[in-house]
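Here our numbering is used: the first residue of the sequence shown is 1100, the next is one more, and so on.
Single-structure report; data block below.
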Amino acid sequence: MSESTLKDFQTAAAELQRAACAAFDAADSADSLEKARAEFLGRTSGRLLALQRLVPSFEGADRGVAGRAFNEVKTGLEASLDARRVTLESSARTSAPKADLTMPSRGQFLGAEHPVTLVIEEIIEIFRGLGFTVATGPEAETEWYNFTALNFPPDHPALDMHDTMYLAKDVVLRTHTSPVQIRALQAGPPPIRVVIPGNVYRLDPFDASHAPAFAQIEGLAVDEGVSFVDLKATLTHFASRFFGSTRTRFRPSYFPFTEPSAEMDVECQLCKGAGCAACKGSGWMEILGSGMVHPNVLEAAGVDSERYTGWAFGMGPGRIALQRYGIPDIRTLYDSDLRFLEQVAR
Ligand code: PHE
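Listed below in structure tokens is the structure:
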């Protein structure tokens, strides 16, 4: 091939390089840069490909010259394409829409304690003021702690599988917090004054007034010379602190682990004693079970029942929360519905 043909090739290469660089520089978006890339560097129909196809038509040393010229153009174009791409990307970043600082905020959501937790803490605070400390125990208990040591006869219906959740033979989910009385007595010696918050489990249907898992708070006071007068005075004081001055009454009751036993009622907080649907017209709400600790219970825990006496109570903070906040359905306490929780949050 003639000298002039190689010259033409070199001119065409220089021209191609100039045109491509101009096209890359003119591109003002990723899309237009891609179009320019396809026009010049496209693998099947790009203009650079047409130049490359001419290289084999040269003979001898000319082919080497043409090949090198082609390679130079190719690397040059790739470099300017990359440079332009980088420039476009960085200007896209800096011109991206900025945060709109005038937009109103969405407000903050603060966590809050559940009403049952609030009630438990308030109860604990009142008893703390009377010298009680907090004790806890396991939710999985042996039959012995949950029933036997608490003076339940072996054929008591509470031991039935229909009432109690068994985890294994002899191991139950505690049905009340009273087994922790035994643990507190074993940890003794008296004087003992503890309150025991915790969850308990019963095979109850989940309806407006029952839940299969619920909170209880237990109290236990054991010392020399402790009498029913202490029980009555302390629990009456508690009710007036918790509910504000309110009428209370004690009714005889029965629990295997206390003798004598009594339930305490407070004036219905919703109708102030007048009688309403919530108190079934009676004007009273039962808030706790209580009694003098049965001597068999003290003895089962290794405490001398000749020397020491004591009293205990158990109440359901869930029930009390229903009363306090005027909630008709216990399931509301388990729903985690923010519309409800926001109303009672402190
Ligand atoms: N453990 C009883 C219950 O769950 C409540 C109670 C506790 C009664 C302590 C008397 C003394 O119903």
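Ideal Cβ placement from N, Cα and C applies to all residues, glycine included.
Review point. Based on the DSSP secondary-structure assignment, which residues constitute the bridge partners of I1291?
Key: Stepping through the sequence shown from its first residue, residue 1291 is reached at position 192. Among the bridge pairs identified by DSSP, I1291 is matched with V1321.
Practice item. Report all residues from its chain with a CB closer than 7 Å to the CB of L1302; omit the five preceding and five following residues, and keep chain order. Key: Taking the sequence shown and counting its residues from 1, one reaches residue 1302 at position 203. Answer for L1302: H1261, D1262, T1263, M1264, P1311, listed in chain order.
Check your understanding: Counting Cβ pairs closer than 8 Å, one from the region 1316-1325 and one from the region 1289-1296, do we hit at least three?
Key -> yes
Review point. By Cβ distance below 7 Å, which residues in the same chain neighbour G1382 in space, the five residues on each side in sequence not counted?
Key: Reading the sequence shown from its first residue, position 283 is the one you call residue 1382. So the list reads E1366, C1367, C1370, G1372, A1373, G1374, once near-sequence residues are dropped.
Check your understanding: In three-state terms, what does DSSP make of I1316?
Key -> Counting from 1 along the sequence shown, the entry for residue 1316 is found at position 217. The answer is strand: DSSP assigns I1316 an E or B state.
**Study point:** Straight-line gap, A1376 to Y1424 (C-alpha atoms, nearest Å)
**Key:** As a working mapping, residue 1376 is identified with position 277 in the sequence shown. As a working mapping, residue 1424 is identified with position 325 in the sequence shown. For A1376 and Y1424, the distance between alpha carbons rounds to 15 Å.
Check your understanding: Does at least one heavy atom of the ligand PHE sit under 7 Å from the Cβ of Q1315?
Key -> In the sequence shown, residue 1315 corresponds to position 216, counting from 1. It does: the Cβ of Q1315 is within 7 Å (strictly closer) of some heavy atom of the ligand PHE.
Check your understanding: Any heavy atom of the ligand PHE closer than 7 Å to the Cβ of T1263?
Key -> Taking the sequence shown and counting its residues from 1, one reaches residue 1263 at position 164. Result no, Cβ not under 7 Å from the ligand PHE.
Practice item. With a threshold of 7 Å, establish whether the CB of G1390 neighbours any heavy atom of the ligand PHE. Key: Numbered from its first residue, the sequence shown carries residue 1390 at position 291. Result yes, Cβ under 7 Å from the ligand PHE.
Practice item. Taking only heavy atoms of the ligand PHE into account, decide whether any of them is closer than 7 Å to the Cβ of F1327. Key: In the sequence shown, counting from the first residue as 1, residue 1327 sits at position 228. Checking the Cβ of F1327 against the ligand PHE gives no.
**Study point:** Residue range of the alpha helix (DSSP H) that includes R1142
**Key:** Against the sequence shown, residue 1142 aligns to sequence position 43. Looking at the DSSP string, R1142 is not in any alpha helix (DSSP H), and its letter there is neither H nor E.
Practice item. Return yes when at least one heavy atom of the ligand PHE lies under 7 Å from the C-beta of S1308, else no. Key: Counted from its first residue, the sequence shown places residue 1308 at position 209. Checking the Cβ of S1308 against the ligand PHE gives no.
Point to revise | Distance cut-off 7 Å: V1357 Cβ against heavy atoms of the ligand PHE | key: One-based indexing of the sequence shown puts residue 1357 at position 258. Rather than Val, the amino acid found at residue 1357 in this sequence is Thr. The answer is yes for T1357.
**Study point:** Alpha-carbon to alpha-carbon, G1413 and F1327
**Key:** Along the sequence shown, read from residue 1 onward, the residue named residue 1327 stands at position 228. Along the sequence shown, read from residue 1 onward, the residue named residue 1413 stands at position 314. So the alpha carbons of these two residues sit roughly 16 Å apart.
Exercise for review: From the DSSP output, read off the bridge partner residues of E1366.
Suggested key: Within the sequence shown, residue 1366 is the residue found at index 267, counting from 1. Bridge partners of E1366: W1383.
Practice item. Report yes if the C-beta of H1255 is less than 7 Å from at least one heavy atom of the ligand PHE; otherwise report no. Key: Working through the sequence shown from its first residue, we reach residue 1255 at position 156. No, since every heavy atom of the ligand PHE falls outside the 7 Å radius drawn around the Cβ of H1255.
Practice item. Using a threshold of 8 Å, state whether the C-beta atoms of L1105 and V1164 are closer than that. Key: Position 6 of the sequence shown holds residue 1105. Position 65 of the sequence shown holds residue 1164. Cβ atoms of L1105 and V1164: closer than 8 Å.
**Study point:** Residue from S1128, A1257, D1434, N1395 whose Cα sits closest to the Cα of R1184
**Key:** Position 85 of the sequence shown holds residue 1184. Answer by Cα proximity: S1128.
Exercise for review: Give a yes or no on contact between the region 1278-1288 and the region 1210-1230, applying the rule of three or more CB pairs nearer than 8 Å.
Suggested key: no
Review point. Is the CB-CB distance between G1236 and P1296 below 8 Å?
Key: As a first step, residue 1236 must be located in the sequence shown, where it is residue number 137. As a first step, residue 1296 must be located in the sequence shown, where it is residue number 197. Not a contact, by the Cβ cut-off of 8 Å.
Check your understanding: Where N1298 and Q1207 are concerned, what is the direct C-alpha to C-alpha distance, given to the nearest angstrom?
Key -> Taking the first residue of the sequence shown as 1, we reach residue 1298 at position 199. Taking the first residue of the sequence shown as 1, we reach residue 1207 at position 108. Using only the alpha carbons, I get a separation of about 31 Å.
Check your understanding: So what does L1200 bridge to, in DSSP terms?
Key -> As a first step, residue 1200 is located in the sequence shown; it is residue number 101 there, counting from the start. According to DSSP, which records beta bridges pairwise, L1200 is partnered with nothing at all.
Review point. Apart from the five residues on each side of it in sequence, which residues of its chain come closer than 7 Å, Cβ to Cβ, to E1358?
Key: Numbered from its first residue, the sequence shown carries residue 1358 at position 259. Closer than 7 Å at Cβ, skipping near neighbours: G1390, M1391, H1393.
Check your understanding: CB-CB under 7 Å to Y1407, same chain, minus the five flanking residues each way: which ones, in chain order?
Key -> Position 308 of the sequence shown holds residue 1407. Excluding sequence neighbours, Y1407 sits near P1289, V1321, D1322, E1323, L1397.
Check your understanding: At a cut-off of 7 Å, is G1236 close to the ligand PHE when judged by its beta-carbon and the heavy atoms of the ligand?
Key -> Counted from its first residue, the sequence shown places residue 1236 at position 137. G1236: no, Cβ never under 7 Å from the ligand PHE.
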